[in-house]
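Q: Below you'll find the structure I mean.
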Amino acid sequence: MLAPEGRIVVVTHNTDSLQFALFGGRHWSGYEFSRHRNLFGIASLQALARKTGLEIVSVTTASNPEGWRRSLRNLGTDWAFPGYLVRALAVTALAGRAVEAFARLRKRGGFLVAELRHAPGRRSET
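For the sequence shown, the numbering used here gives the first residue as 53, with consecutive numbering after it.
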């Protein structure tokens, strides 16, 4: 459905992120299966682009400080932390901003942001 000269911007949780590295086993906020049925890092997004006849024009990461708060809340709830401690962890959104700024410098921000277009002379494998 993408016009021949069209472009699409994809913003998704980043499985190459520092958040995923720390919380990806179970508590990562990107696990929202009702809304996020597929999860991507740069390599898996490149593979999907190739399979569908697209190419990545640009890719970067964006901050997701809210993801730190939600991941820590998930951890505290799962490990049965007392309510006051779960609420205290929720305040970590400010620290999450600082960590995300550092992570983005290393292309490991919480969100993956990519611009794609039709690959010249390529057709979809599907």
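In this text, a Cβ means the ideal position worked out from N, Cα and C, and glycines have one as well. Predicted, not measured: the structure shown is a model, and the values here were computed from it.
(1) Between L54 and the rest of its own chain, which residues show a CB-CB distance below 7 Å, the 5 nearest in sequence each way excluded?
(2) Taking only the alpha-carbon atoms, compute the straight-line gap between E16 and Q71 and give it to the nearest angstrom.
(3) Is the separation between the beta-carbon of G82 and that of L91 shorter than 8 Å?
(4) What does the alpha-carbon distance come out to for the pair P134 and L97?
(5) Answer yes or no: do G161 and S86 have a C-beta to C-beta separation smaller than 8 Å?
(6) Answer with buried or exposed for P172, where buried requires no fewer than 16 other C-beta atoms within 10 angstroms of its C-beta.
(7) Is D110 helix, strand or coil when you go by DSSP?
(8) Closest by CA to R149, which one among H79, T129, G119 and V138?
(9) Could you spell out the range, first to last residue, of the alpha helix (DSSP H) harbouring T187?
(10) Nearest by alpha-carbon distance to D130: which of V62, T67, G58 and W80 is it?
(11) Which of the three DSSP states, helix, strand or coil, is assigned to E57?
(12) Taking Cβ to Cβ, would you say L164 is nearer than 8 Å to T113?
(13) Since I believe N126 is in contact with E199 (beta carbons under 8 Å), could you give me their beta-carbon distance rounded to a whole number of angstroms?
A: Quick look at the numbers:
(1) Cβ neighbours of L54 beyond the five flanking positions: I60 and H170.
(2) Outside the displayed range of the chain (53 to 178) lies residue 16, so it cannot be described from this structure.
(3) Their beta carbons are under 8 Å apart, which means G82 touches L91 by this criterion.
(4) Whole-angstrom Cα-Cα distance: 39 Å.
(5) no
(6) Under this definition P172 is an exposed residue.
(7) The sequence shown places Ser at residue 110, not Asp. In this structure, S110 counts as strand in the three-state DSSP scheme.
(8) G119
(9) Limits of the chain in this structure are 53 at one end and 178 at the other, which puts residue 187 out of reach.
(10) W80
(11) In the three-state reduction of the DSSP assignment, E57 falls in the coil class, being assigned neither a helical nor a strand state.
(12) yes
(13) In the structure as shown, the chain begins at 53 and stops at 178. Residue 199 is therefore absent and cannot be evaluated.
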